[in-house]
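Engineer: Would you mind keeping the following structure in view while I ask a few things?
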Amino acid sequence: MKKVNESVTLTISIMVYLLLSVRYFPDEILKTLAWTGMQILTVSPLTVGGTFIIVVVLQKAMGVKIPRDRIVRIFLTLGIIVELLYGLYNYVGVKGV
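Letter 42 of the sequence shown, counting from 1, is numbered 45 in my numbering, and no numbers are missing.
In structure tokens:
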């Protein structure tokens, strides 16, 4: 049961991350797909770098290697935060996009 619960929460986290990455343009599906892809490619290096730093610090502090599923969860959590803030910046702060 614990394995199923972890799979469900991981799937929900991935879906929320992808939902926050979408840059929607009404009636322009190709533009939506292009901007969403660009968004993911632009923000991913920042999220990967932040995840790497957090994982290294946690491993040094705890003295054990962190499992891969936990690293993915750290990436998704950081990615959700970054995408939310960047999405708010795009939708509210930028004029004329």
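From the three backbone atoms N, C-alpha and C, an ideal C-beta is built for every residue, glycine too.
1) Is the distance from the Cβ of I43 to the Cβ of S24 below 7 angstroms?
2) How would you call R73, buried or exposed, if buried means at least 16 neighbouring beta carbons within 10 angstroms?
3) Out of curiosity, what's the CA-to-CA distance linking F78 and Q62?
4) Assuming V46 and V85 form a contact by the criterion Cβ under 8 angstroms, report the distance between their Cβ atoms to the nearest whole angstrom.
5) By the 10 Å Cβ neighbour count, where 16 or more other Cβ atoms means buried, how is L81 classified, buried or exposed?
6) What are the start and end residues of the alpha helix (DSSP H) that includes F78?
7) By DSSP, does P48 sit in helix, in strand, or in coil?
8) Measure the C-alpha to C-alpha separation of K68 and L49 and round it to an integer number of angstroms.
9) How many Å lie between A64 and I32 at the Cα?
10) What's the call for T14, buried or exposed, on a 16-neighbour Cβ count within 10 Å?
Structural biologist: Let me lay it out:
1) Numbered from its first residue, the sequence shown carries residue 43 at position 40. Numbered from its first residue, the sequence shown carries residue 24 at position 21. Result yes, Cβ atoms of I43 and S24 sit closer than 7 angstroms.
2) Along the sequence shown, one-based indexing puts residue 73 at 70. Flag for R73 reads exposed.
3) On the sequence shown, residue 78 is found 75 positions in, with the first residue counted as 1. On the sequence shown, residue 62 is found 59 positions in, with the first residue counted as 1. Their backbone Cα atoms lie some 15 angstroms apart in a straight line.
4) Along the sequence shown, one-based indexing puts residue 46 at 43. Along the sequence shown, one-based indexing puts residue 85 at 82. Approximately 6 angstroms separates the beta-carbon atoms of V46 and V85; this is inside 8 angstroms, confirming the contact.
5) For the purposes of this step, residue 81 is taken as the residue at position 78 of the sequence shown. By the neighbour-count rule (16 or more Cβ atoms within 10 Å), L81 is buried.
6) Reading the sequence shown from its first residue, position 75 is the one you call residue 78. It spans 71 to 91 - the alpha helix (DSSP H) in which F78 sits, taken as one unbroken run.
7) Your numbering for residue 48 matches position 45 in the sequence shown. The answer is helix: DSSP assigns P48 an H, G or I state.
8) Your numbering for residue 68 matches position 65 in the sequence shown. Your numbering for residue 49 matches position 46 in the sequence shown. Approximately 22 angstroms between the Cα atoms of the pair.
9) By 1-based counting over the sequence shown, the position of residue 64 is 61. By 1-based counting over the sequence shown, the position of residue 32 is 29. If you take the alpha carbons of A64 and I32, they lie about 46 angstroms apart.
10) For this step, residue 14 is matched to residue 11 along the sequence shown. Exposed: under 16 other Cβ atoms inside 10 Å.
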